[in-house]
Amino acid sequence: MVIHHQILLSAFIKKTNIHNLKSLGGIFMIALIAKLTAIEGKETEMKSALEKMVAAVDQTEPDVSHYELHVSNENPCEFYFYERYENSDAQNAHRTTEHMRQLGQTLKDITGAKPEITQLTWLTGVNRN
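Quick note: the sequence shown uses this note's numbering, first residue 965, plus one each step.
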């Protein structure tokens, strides 16, 4: 689904020569980075829980355009999500899913710090997917 959206958006941008996505009526306006830190020794458990979350989002949340999991090259306990939502309804729906509730329960035992969420405002960029 994400690849399909990216292909359609890329074709639209090329066809209309639009380079600032804000002019598309708010599409991809909601983005954030979430940092989650595992307790040392719980990295594998954290990775597994987060990968399960990615799969659930992929299967059940079509209005989540990007939900990408990364791990720090310097600290294997630090995991990062890059998230983009079609609109605020999609973001709010994501927060209230059963898989988000389950992840919250799992993280209680394996996180070393409260998740850090950084909201982002899109300015410009290139996406060659």
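Ideal Cβ positions, reconstructed from N, Cα and C, are used throughout, including at glycine. Since the model is a prediction, treat every value here as computed from it, not as a measurement.
Whole angstroms is fine: what's the gap from residue i's alpha carbon to residue j's?
{"i": "Thr1060", "j": "Asp1053", "result": "11 Å"}
{"i": "Trp1086", "j": "Leu996", "result": "10 Å"}
{"i": "Glu1042", "j": "Leu1084", "result": "19 Å"}
{"i": "Gln1066", "j": "Thr1024", "result": "15 Å"}
{"i": "Ala1057", "j": "His1030", "result": "15 Å"}
{"i": "Asn1091", "j": "Lys999", "result": "23 Å"}
{"i": "Met993", "j": "His1034", "result": "21 Å"}
Are the beta-carbon atoms of residue i and residue j separated by less than 8 Å?
{"i": "His1063", "j": "Met1017", "result": "yes"}
Identify the residues that DSSP records as bridge partners of residue i: which are they?
{"i": "Thr1075", "result": "Ala1002"}
{"i": "Val1035", "result": "Phe1043"}
{"i": "Thr1082", "result": "Ile997"}
Please report the residue range of the beta strand (DSSP E) in which residue i lies.
{"i": "Glu1025", "result": "Run containing Glu1025: none; DSSP gives neither H nor E here."}
Kindly indicate the opening and closing residues of the alpha helix (DSSP H) around residue i.
{"i": "Arg1059", "result": "Ser1052 to Arg1059"}
Exercise for the section: Please determine if the stretch 1042-1054 and the stretch 1069-1076 are in contact, where contact requires at least 3 C-beta pairs separated by less than 8 Å. Expected result: no
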